[in-house]
Structures are given as C-alpha cells and as structure tokens.
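Visitor:
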Amino acid sequence: MFKSKPRWFGLGMQILAVVLALLFTSVILLMVKAQPLEAYKNIILGSVGSFKKFSDVLVAWIPLLLATSGLLVTFSAGLWNIGIEGQITMGAIFTTWVLRLLQDTTMPSALIIIMAFLAGMLGGALWASLVGLLKIYGSVNEIFGGLGMNFIATAMTIWLIFGPWKRPGVGSMSGTEPFREALWLPMVPGLRLSLWSLALAIAVVVVVFFLLKGTYFGLRLKAVGRNMRSAFHLGIPTSRYMLAAFLLCGAMAGLAGAVQVTGVYHRLIPSISSGYGFLGLLVAMLVNFQPLVAVPVSLFFAMLNIGSIQLPIVMKLDSTLSGVLQGALVLFVLLVDGARKVLLKKS
Amino acid sequence: MKVELCNIHKTFGKVHANDDISLTVPAGTIQGILGENGAGKSTLMKVLTGFIRMDKGEILLDDRPVKINSPADAIRHGIGMLHQDPLDFPPMRILDNFLIGRHEVGVFPNKRKVRREFIELQERFGFKIDPDSYIESLTVGERQQLEILRLLWMGARVLILDEPTTGISASQREKLFETLRILVEDGMSVIFVSHKLEEVEALCGRVAVMRRGKLVGEAFPPFSMDHLVRLMFGKSVPVGDRTFYGTDQVAVKLSGLTIEDVRLQIRNVNLDIYKGEVIGLAGMEGSGQRQFLRTLGGLMRSVGGRIYLNGKEITGKPYHYYMNQGISYVPAARLEEGLIDGLTLTEHFVLARKQTGLFIDRAEALKVTQRHIEDFNIRGTPEHRIEALSGGNQQRALLALQRTPLNLLLMEHPTRGLDIESTIYIWGKLKERCKKGTCIVFISSDLEELLQYSDRILVFFGGKVSQPLDTATTTVDQLGQLIGGKGL
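Order-wise, the sequence lines are chains A and B. Counted from 1, the first sequence has number 291 at position 292 by numbering that gives the first Met the number 0; the numbering is strictly sequential. Counted from 1, the second sequence has number 332 at position 333 by numbering that gives the first Met the number 0; the numbering is strictly sequential.
(1) Pull out every residue of the stretch 330-353 of chain B whose Cβ sits closer than 7 Å to any Cβ of chain A, in chain order.
(2) Between B:Gly390, B:Ala351, B:Lys112, B:Leu59, which lies nearest to Val157 (chain B) when the distance is taken from Cα to Cα?
(3) Output yes if chain B places a C-beta closer than 8 Å to the C-beta of Ala115 (chain A); else output no.
(4) Short check: CB of Leu63 (chain A) to CB of Val282 (chain A), under 8 Å?
(5) Counting only beta-carbon atoms, is Pro237 (chain B) nearer than 8 Å to chain A?
(6) What did DSSP end up calling Lys1 (chain B) once you bin it into helix, strand or coil?
(7) Would you report the Cα separation of Gln477 (chain B) and Thr470 (chain B), rounded to the nearest angstrom?
(8) Under 8 Å, do Arg488 (chain B) and Phe375 (chain B) count as touching if we go by C-beta distance?
(9) Count the C-beta pairs between the stretch 51-60 of chain A and the stretch 206-221 of chain A that are closer than 8 Å, then say yes if the count reaches three, no if not.
(10) With three or more beta-carbon pairs closer than 8 Å as the criterion, would you say the stretch 435-445 of chain B touches the stretch 404-418 of chain B?
(11) For Ile125 (chain B) and Phe291 (chain B), what's the separation of their Cα atoms in angstroms?
(12) Taking only beta carbons into account, state which residues of the stretch 299-320 of chain B come closer than 8 Å to chain A, listed in chain order.
(13) For Ile74 (chain B), I'd like the list of residues in its chain whose CB is within less than 8 Å of its CB, leaving aside the five on either flank, ordered along the chain.
(14) Could you give the DSSP three-state label for Gln451 (chain B): helix, strand or coil?
(15) Which residues bound the beta strand (DSSP E) around Met410 (chain B)?
(16) Expressed to the nearest angstrom, what Euclidean distance is found between the alpha-carbon atoms of Lys463 (chain B) and Lys485 (chain B)?
(17) Rounded to whole angstroms, what's the CA-CA distance from Gly239 (chain B) to Lys127 (chain B)? Just pull it up for me.
(18) Would you please state the rounded distance, in angstroms, between the beta carbons of Leu328 (chain A) and Ala59 (chain A)? I believe it to be under 8 Å.
(19) Could you give the first and the last residue of the continuous alpha helix (DSSP H) run that contains Asn149 (chain A)?
(20) By the 10 Å Cβ neighbour count, where 16 or more other Cβ atoms means buried, how is Trp158 (chain A) classified, buried or exposed?
(21) Here's the rule: buried if 16 or more other CB atoms are within 10 angstroms of the residue's CB, otherwise exposed. What is Asp225 (chain B)?
(22) Determine whether the beta carbon atoms of Gln393 (chain B) and Val228 (chain B) lie at a separation below 8 Å.
(23) Could you give the first and the last residue of the continuous alpha helix (DSSP H) run that contains Leu199 (chain A)?
(24) Identify which residue in A:Ser238, A:Arg99, A:Gly279 has its Cα closest to the Cα of Gly137 (chain A).
(25) Counting only runs that start and end within the stretch 251-315 of chain A, where is the alpha helix (DSSP H) found for 4 or more residues in a row?
(26) Go ahead and pull the three-state DSSP assignment for Ser173 (chain A).
(27) Please determine, among B:Leu308, B:Gly34, B:Val2, the residue with the shortest C-alpha to C-alpha distance to Thr48 (chain B).
(28) Check each candidate in B:Phe222, B:Phe459, B:Leu487 and name the one with the smallest Cα separation from Leu263 (chain B).
(29) According to DSSP, is Pro492 (chain B) part of a helix, a strand, or is it coil?
(30) Find the residues of chain A that neighbour Ile359 (chain B), judging by a C-beta separation of less than 8 Å, and give them in chain order.
(31) According to the Cβ coordinates, are Leu81 (chain B) and Phe117 (chain B) closer than 8 Å?
(32) Can you give the Cα-Cα distance for Ile272 (chain B) and Glu335 (chain B), rounded to whole angstroms?
(33) I want to verify the contact list: residues of chain B whose CB lies under 9 Å from the CB of Arg228 (chain A), in sequence order.
(34) Measuring CB atoms only, is the stretch 191-199 of chain A touching the stretch 254-270 of chain A, in the sense that at least three cross pairs come out at less than 8 Å?
(35) Decide if the stretch 199-210 of chain A is in contact with the stretch 127-136 of chain A; the criterion is three or more beta carbon pairs, one per stretch, under 8 Å apart.
(36) Output needed in chain order: residues of the stretch 227-251 of chain A with a Cβ under 9 Å from some Cβ in chain B.
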C-alpha cells in the first residue's frame with residue numbers, strides 16, 4: 000500500500016541524479032570550450048569501440064570489483080574502510096615477496112602463484128586488521144587509522160622498489176624486476192586480460208552476495224552496522240564482527256593487489272593500487288549495500304576510466320574528466336537521496 | 000524580577016506536555032516546582048528559557064510581555080538557567096569558560112578586567128575557584144558555582160535550577176542553598192525544579208506541583224508532606240487482582256554488592272531474589288536503579304560484592320556470559336538500544352535466536368515470526384521494518400524477542416507509553432514466565448504498576464536502596480514519600 004509510491008519515486012529521483020551529474024559535467028566541459036556530446040561519444044567509443052578496448056575495461060574492472068566487494072562487507076558493518084588503498088598495496092607487496100622468494104625454486108609455477116595469492120590475501124587482511132584493532136581497542140576512528148596506514152603502505156612500496164628489491168644496478172620508478180613469464184597469470188593471447196582473474200573477481204562478488212544476503216554472519220554484520228548498541232544487547236559480539244569485516248575486506252583488497260602483480264604489471268610498481276580502492280568507495284556508496292547493483296556500476300566506472308584515456312588523444316582534454324563525472328555522480332546521488340528523505344518526511 | 004507565565008500550552012505529538020499553565024513568581028522568592036518525571040516541569044522551564052517554543056501563551060517579566068525565542072534572548076531578558084549537567088567546556092580554562100557566552104566582551108576581551116570581576120563576584124558568595132585552572136579539575140558542585148557566577152555576570156535576574164542537587168555533596172548543597180538565599184534577598188527570583196520533597200521544604204517560599212502536564216496545585220509553608228505527595232502522584236487507585244508466583248527457592252543472591260559510577264554510589268546491597276518473583280525498582284530517574292539493573296544484567300561491573308545465580312558466582316563475567324546463563328536485559332530506549340532500525344521483524348527474530356547452520360532458513364524464520372506475531376498480538380507482518388510499527392507494537396516485539404526459558408528478566412520501563420490494554424496484556428505474558436520460574440526485576444516510574452505487579456519493591460534515592468517492601472502492605476502514599484527521600 001504505502002510502499003509502492005516511494006519506490007517509483009525513488010527510481011525517478013535516481014534517474015534525476017544521473018541527469019544532473021551529466022549536466023554538471025557538461026557545464027564543466029563547456030567552460031573549457033569542449034563539446035560535451037563529443038566527449039561522451041569518445042568515452043563510449045574508447046571503452047566499447049573495439050574488443051581490445053573492452054578487454055582493457057575488464058582489466059580495470061577486476062581490481063575495482065574486488066575492492067568494491069570487500070567494501071560492501073565493511074559498509075554493511077557501518078565501517079568506512081578508507082584504508083583499502085593501503086590494503087591493496089600491502090596485498091601486492093606480500094604477493095611480490097612470495098614470488099621473489101620462490102621464483103628460483105623448482106616448485107611448480109601454479110603452486111607458486113597460488114601461494115602468492117594467499118600471501119596477498121594475508122597481507123591485505125593484516126593491514127586491515129591493524130586498522131580494526133586501532134578502532135576497537137584504541138578508539139582510533141577507522142577513517143584516520145586507514146588514512147595513516149595508506150601512507151605507510153605507499154612509503155613501504157617506494158622503499159622496497161628503491162631499496163631491498165631494486166633492479167640490478169639502479170632502482171627506478173618503473174618498479175621491480177619483472178617476473179619470468181611462467182609466474183604470470185595465463186593471459187588471453189594478444190590481450191592484457193586474464194580469464195583467471197576475471198573468474199576470481201566474479202566468484203568473490205557472488206560469495207559476498209550470498210554472505211550478505213543469506214547468512215547469519217551477514218545479517219549480524221548488518222545489525223552491527225545499523226545499531227551497535229542494540230546489536231550488542233541482542234547478544235552479538237560486536238567487536239569480533241567489526242574485526243571480521245575488516246579482515247574480509249582486507250583479504251579481498253589483497254586479492255586485488257595480487258591480481259595487479261601477477262596478472263597486469265608482473266612486478267611491483269609504485270602506485271600499484273591505481274586508485275581502485277578509492278574508486279571502489281565511490282561505487283560502494285552509490286549502490287547502497289547491494290552487490291548485484293555493484294557489478295554493473297563498477298563496470299560502468301571502469302568504462303569511464305578506460306574510455307577517458309581517449310580524451311587527451313582525440314580532444315586534448317585531460318583524462319581526469321572521468322573522475323569528475325564519477326565524483327559528480329556520487330555527490331548527486333547522495334544529494335538527491337537526502338532530498339528524497341526530506342520530501343518523504345514532509346508528505 | 001517578577002515572572003508571570005500565562006496560559007502556557009505545549010504539545011509534542013499527542014502528548015500535552017504543558018496544558019494551560021499559569022504561574023506567578025514574585026520577585027525575591029524561591030519558587031519550588033515539584034512533579035514526577037514527565038510531569039512537564041522541564042518543558043515549562045525550556046519554554047521560559049527559549050529552548051523550545053510554546054504553542055500558545057504569554058510570558059511577562061515585571062508586567063512587560065516578552066518574546067523569548069532562544070536561550071540568548073532569555074539571558075538578554077535576565078533569565079538564566081542552571082542545567083542538570085553544567086553547560087561548560089571541560090578542556091578549557093575557567094576564565095575562558097566564564098567569558099564564553101557574553102558577546103559584549105568583543106574580539107579581544109580584556110582578561111585582566113574580567114578576572115577582577117570574576118574574583119569580586121565569587122568573594123561575595125564565598126566561592127573559592129581558581130580562574131586559571133581547568134574545568135576538569137572542578138567537582139560538579141564547583142562547576143555549578145561557576146555556572147551561577149557566569150549567569151549573574153551576564154545579567155541574570157531570574158535563576159532557574161533544574162534538579163541542581165544531583166551529584167553534589169551535602170556541604171556543597173548547603174553552600175548552594177545559602178547562595179540562593181543571598182540572591183533572593185537582592186530581589187532576584189529563583190525557580191527551583193526538583194522532586195526531592197525535603198529540599199523543597201527546606202528552601203522554597205512557595206511550591207507549585209505539576210502532574211501530567213497540568214499545574215495541579217500550589218502550596219505555602221509550612222508544607223504538609225502528605226498533601227504534596229498526593230498532589231504529585233494523584234489519588235491512589237484501588238489495586239486490582241494480583242497473582243504472584245514467588246517461591247522460596249533463591250534464584251539470584253546479591254551479597255554486599257557495591258556499584259559506582261561518576262554520578263553516584265550504591266553501597267552494600269544484600270538481597271535474595273526468589274524463583275518466579277517480580278521485584279519492582281522505584282525511584283526518580285537517576286537515583287541508581289538503572290545502574291543496579293545494568294549490573295544485574297552484566298552490562299556494568301560492580302566494584303565490590305558478589306552476584307550468584309542458582310548458587311553459582313557470576314560476578315564480573317561479561318554480558319554474553321550472562322546471556323548464556325539465561326539472563327536477559329530489556330532496555331527502555333527501544334529503537335536506540337533494543338531494536339535495529341531498518342531490519343524487518345523476521346530479521347530481528349533470526350538475530351535473537353540461536354544460529355543453526357551457516358545459512359538462514361527463511362521459511363523457518365518466517366514461521367517463527369508469524370507464531371510470535373500471533374502470540375504477542377503484534378500488529379504488523381513479518382516483512383515490516385521495525386520502525387514502521389507503532390511504539391506499543393515495538394515494545395511487544397522487543398518482549399517477544401526475549402529467549403525462553405530465562406532465569407532472570409531485567410526490564411527498564413516495560414510498559415512506558417503503552418495504553419492500559421497493552422500493559423495488561425504484556426504483564427499477562429510476563430507473569431506466564433514467572434509461573435515457569437523466571438524472576439523479573441523491572442524499573443518503573445508508575446507507582447500503580449509497581450504495586451500492582453511486583454511481589455516486592457526496592458526504592459532508590461540518590462544511590463541509597465531501601466529494604467525490600469512487601470507490596471501487600473505498602474500504599475501509594477508510603478511509596479511516594481520514600482521516592483521523595485522521606486524516611487530513607
């Protein structure tokens with residue numbers, strides 16, 4: 000009875016938000032004397048214009064989807080895991096570490112890669128657990144804790160690349176020495192895409208979907224996120240659940256880092272996380288706890304990222320335009336959602 | 000300054016918090032305002048100090064009508080309020096704190112001048128506060144003194160005090176009363192809001208009593224305690240049929256239990272609670288009954304003494320251990336501490352029950368929920384979000400969530416805000432538990448509920464606990480006097 004109206008109303012408002020974000024970006028484009036429609040066309044062509052380009056979108060989508068999946072878990076528990084960037088980086092560092100340790104042994108490559116992935120998960124989870132412990136036992140807000148840990152992780156990458164793990168001769172910003180090809184994830188011939196990592200990302204989001212939707216764990220996590228005091232009174236060990244959320248998210252972020260090392264760059268580079276953690280935060284905010292919606296939205300964001308690479312080439316525009324559009328989208332969706340709540344309350 | 004309140008009305012939703020209140024406070028008097036929690040005292044004071052706006056009515060100061068729309072307006076007109084928790088800034092120096100509310104001091108206040116004025120002012124009352132120390136180093140009583148000085152310095156001619164004696168020592172209370180007497184001699188007016196009969200008797204030149212939003216009477220010294228109690232709590236209503244299931248088996252034993260928090264101390268409570276018994280905790284809000292109940296529920300640690308459940312010591316164990324021992328705690332703030340906004344009724348029942356397997360069996364959960372909905376007469380469907388239910392139905396849901404069987408059920412205000420029908424229904428359900436051996440300890444501010452449903456009652460007053468009163472031989476008047484601190 001009273002449910003149907005707000006739902007339609009809500010959908011309409013969401014479309015309004017997208018339109019507003021596009022308008023806002025168009026205004027910015029007009030201010031720099033560029034044709035908005037042409038820019039949008041270039042973004043679309045740059046992302047789905049050819050099979051090769053679309054495969055690049057998928058390459059960007061994989062870490063983004065992994066990060067978003069992890070963030071859906073922490074968001075459900077009411078936690079702002081800003082530290083996800085550092086967790087991706089730490090996952091990459093641990094993966095590189097294991098690969099370096101084992102690359103000269105006679106172990107089968109597949110086993111080495113599996114161990115490297117496990118190490119990546121461990122690294123991410125470890126980094127996330129520090130943020131969680133700081134929050135639970137030290138009352139350090141996870142936003143500040145995470146931000147600090149991000150800086151440390153970045154500094155550690157740079158130190159490793161220019162210090163202990165530097166290339167023979169002299170270290171450089173191009174990263175560590177690439178691993179031999181046997182230690183790469185198997186690629187689709189001629190592309191940068193690995194079907195293994197694609198399957199992994201999809202498997203993870205499916206697991207998160209079922210975790211949040213159908214399990215006791217997911218429901219308790221949601222209870223902790225929505226009202227910690229009530230959840231505690233109902234008998235849920237709230238600290239343990241918060242920590243578990245951090246560990247899970249960290250492990251998934253670590254997977255993203257492992258994919259970047261084994262499947263994309265084949266070495267450790269300075270900005271290995273490529274901002275996918277922060278982008279994942281935007282996606283997670285946008286989709287409001289729903290893993291199924293996160294799949295298309297993160298794909299769309301990856302398309303924007305890859306498509307906008309065309310802008311400097313074709314139109315002499317900076318490729319950060321995709322960031323403007325993504326940011327505007329999130330802001331307008333949140334703004335419109337706030338407006339919707341005010342309007343509903345009044346009526 | 001003379002204060003006149005004329006026909007003040009204020010409603011919150013359906014609740015008529017102030018219903019046509021007219022009161023005159025002549026200059027140079029200490030006016031007491033008595034009433035139980037929720038009688039409308041605080042609302043009236045907030046109207047007078049601009050914290051909330053009245054729906055209808057008029058305020059006159061020295062026969063001049065005034066509009067008071069904010070606390071800043073109030074102090075401009077000379078009305079200052081001393082809140083129960085002093086409105087100060089603990090990390091700041093006392094002098095800075097003193098300066099803060101006044102705009103006339105400008106961007107760069109002349110601190111030397113202000114310091115001189117501060118010292119002169121405090122000498123008048125014999126206070127000894129070091130202007131250069133920090134608020135954190137002061138006791139609650141000293142913070143009150145500072146607040147009074149600040150209000151006077153800002154030009155207050157009417158001083159309102161809301162339950163000012165909670166959390167201060169006896170000597171500080173004497174000092175406070177002495178100060179108030181000096182103030183009224185200078186022609187100021189003081190409005191003293193309290194529920195403590197003795198203090199009102201000792202201090203006030205006249206008393207107005209409020210009950211359920213109405214001003215029900217005024218009294219002048221010498222006060223008759225019986226008369227005041229009757230005004231506060233209303234006529235005593237004959238108590239209806241009562242069934243008790245108390246046995247002679249001890250379920251919970253408290254020996255020398257001592258509880259402390261920042262506000263108060265409860266010392267050395269010895270009590271046996273029998274299987275199937277209902278114990279009511281009476282007292283004004285903040286008298287210690289909540290701390291006592293939370294300690295029984297494992298939500299607060301005692302600082303001394305022991306708690307036994309069925310002969311086994313459980314002192315100091317964590318809350319989840321208490322839960323596993325069949326002890327359950329039902330908080331008063333339903334949506335803040337008991338239920339989870341945004342989750343459905345079914346999800347609540349899933350959360351409250353023991354986990355079976357990794358995945359939730361939706362069909363089973365739905366069945367359980369449906370059964371509880373019928374059993375507890377909850378108006379709503381399993382898919383309803385909890386915040387969409389009415390308050391009474393939320394309360395029923397909260398009680399339906401409690402596990403069965405239980406050894407000890409602890410409740411804060413189990414029927415607050417519910418209609419009579421719901422109250423009777425809920426107590427019927429609770430008594431069914433008692434029949435099976437559960438003991439119930441509950442807090443209520445409704446004297447009739449306490450007398451109607453408890454086997455025994457403990458009265459709390461400023462952390463002191465009375466001997467258990469047998470409800471069979473206790474009257475509303477007796478209870479009212481004890482709650483007001485007479486005879487404790």
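Just so you know, even glycine gets a beta-carbon here, dropped at the ideal spot from N, CA and C. Bear in mind that the values here come from a model prediction, so they are computed numbers and not experimental data.
Guide: Quick look at the numbers:
(1) Pro330, Glu335, Glu336, Gly337, Leu338, Ile339, Asp340, Gly341, Leu342, Glu346, Val349, Leu350, Ala351
(2) Within the second sequence, the letter at position 158 stands for residue 157 (chain B). That would be B:Leu59, whose Cα lies nearest to the Cα of Val157 (chain B).
(3) As a position in the first sequence, residue 115 (chain A) is number 116, starting the count at 1. False, the Cβ-Cβ gap to chain B never drops below 8 Å.
(4) Here residue 63 (chain A) refers to the residue found at position 64 of the first sequence. Here residue 282 (chain A) refers to the residue found at position 283 of the first sequence. Yes; because the gap between Cβ atoms is below 8 Å, this pair is in contact.
(5) As a working mapping, residue 237 (chain B) is identified with position 238 in the second sequence. Bear in mind that the predicted position of Pro237 (chain B) carries a pLDDT of just 44, short of 50, making it unreliable; the figure below should be weighed with that in mind. Chain A, which has no Cβ nearer than 8 Å to the Cβ of Pro237 (chain B), makes this no.
(6) Sequence index remark: in the second sequence, residue 1 (chain B) carries index 2 (1-based). Coil at Lys1 (chain B), not helix or strand.
(7) Position 478 of the second sequence, counted from the first residue, corresponds to residue 477 (chain B). Position 471 of the second sequence, counted from the first residue, corresponds to residue 470 (chain B). Answer to the nearest angstrom: the Cα atoms are 11 Å apart.
(8) Residue numbering for chain B in the displayed model covers 0 to 487; residue 488 (chain B) lies beyond these limits and cannot be assessed.
(9) no
(10) yes
(11) Position 126 of the second sequence, counting from 1, holds the residue named residue 125 (chain B). Position 292 of the second sequence, counting from 1, holds the residue named residue 291 (chain B). For clarity, residue 125 (chain B) is Gly in the given sequence; the question names Ile instead. Cα to Cα, Gly125 (chain B) sits roughly 37 Å from Phe291 (chain B).
(12) Tyr318, His319
(13) Position 75 of the second sequence, counting from 1, holds the residue named residue 74 (chain B). Closer than 8 Å at the Cβ level, and outside the excluded window around Ile74 (chain B), lie Gly100, Leu150, Met153, Gly154, Ala155.
(14) The residue labelled residue 451 (chain B) in the question sits at position 452 within the second sequence. Helix.
(15) Working through the second sequence from its first residue, we reach residue 410 (chain B) at position 411. From DSSP, the beta strand (DSSP E) with Met410 (chain B) extends over 407-411.
(16) If you number the second sequence from 1, residue 463 (chain B) lands on position 464. If you number the second sequence from 1, residue 485 (chain B) lands on position 486. C-alpha separation (whole angstroms): 12 Å.
(17) On the second sequence, position 240 is the one that residue 239 (chain B) refers to. On the second sequence, position 128 is the one that residue 127 (chain B) refers to. Caution is warranted here: a pLDDT of 49 is assigned to Gly239 (chain B), below 50, making its placement in the model unreliable, and the coordinate value is therefore given only provisionally. The alpha-carbon atoms of Gly239 (chain B) and Lys127 (chain B) are separated by roughly 56 Å.
(18) For the purposes of this step, residue 328 (chain A) is taken as residue 329 along the first sequence, with counting starting at 1. For the purposes of this step, residue 59 (chain A) is taken as residue 60 along the first sequence, with counting starting at 1. With a Cβ gap of about 17 Å, Leu328 (chain A) and Ala59 (chain A) do not count as contacting.
(19) Counting from 1 along the first sequence, the entry for residue 149 (chain A) is found at position 150. 141-161 is the extent of the alpha helix (DSSP H) around Asn149 (chain A).
(20) On the first sequence, position 159 is the one that residue 158 (chain A) refers to. Flag for Trp158 (chain A) reads exposed.
(21) Translated into the one-based positions of the second sequence, residue 225 (chain B) becomes position 226. Counting Cβ neighbours within 10 Å, Asp225 (chain B) comes out exposed, since fewer than 16 surround it.
(22) Position 394 of the second sequence holds residue 393 (chain B). Position 229 of the second sequence holds residue 228 (chain B). No, the Cβ-Cβ distance between Gln393 (chain B) and Val228 (chain B) is not below 8 Å.
(23) Position 200 of the first sequence, counted from the first residue, corresponds to residue 199 (chain A). From DSSP, the alpha helix (DSSP H) with Leu199 (chain A) extends over 194-213.
(24) For the purposes of this step, residue 137 (chain A) is taken as the residue at position 138 of the first sequence. When only C-alpha atoms are compared, the closest one is A:Ser238.
(25) 275-286, 290-306, 309-314
(26) For the purposes of this step, residue 173 (chain A) is taken as residue 174 along the first sequence, with counting starting at 1. Here Ser173 (chain A) sits in coil by DSSP.
(27) On the second sequence, position 49 is the one that residue 48 (chain B) refers to. The shortest Cα separation from Thr48 (chain B) among B:Leu308, B:Gly34, B:Val2 belongs to B:Val2.
(28) For the purposes of this step, residue 263 (chain B) is taken as the residue at position 264 of the second sequence. With distances taken between Cα atoms, Leu263 (chain B) lies closest to B:Phe459.
(29) Absent from the structure is residue 492 (chain B), since the part of chain B shown begins at 0 and ends at 487.
(30) As a working note, residue 359 (chain B) is residue 360 in the second sequence. Neighbours of Ile359 (chain B) on chain A, chain order: Gly213, Thr214, Tyr215, Leu218.
(31) In the second sequence, the residue the question calls residue 81 (chain B) occupies position 82. In the second sequence, the residue the question calls residue 117 (chain B) occupies position 118. Contact flag unset, no.
(32) Indexing the second sequence from 1 puts residue 272 (chain B) at position 273. Indexing the second sequence from 1 puts residue 335 (chain B) at position 336. So the two alpha carbons sit approximately 29 Å from each other.
(33) Counted from its first residue, the first sequence places residue 228 (chain A) at position 229. Those within 9 Å of Arg228 (chain A) in chain B are Pro330, Ala332, Glu335, Glu336, Gly337.
(34) yes
(35) no
(36) Arg228, Ser229, Ala230, Phe231, His232, Leu233, Gly234, Ile235, Pro236
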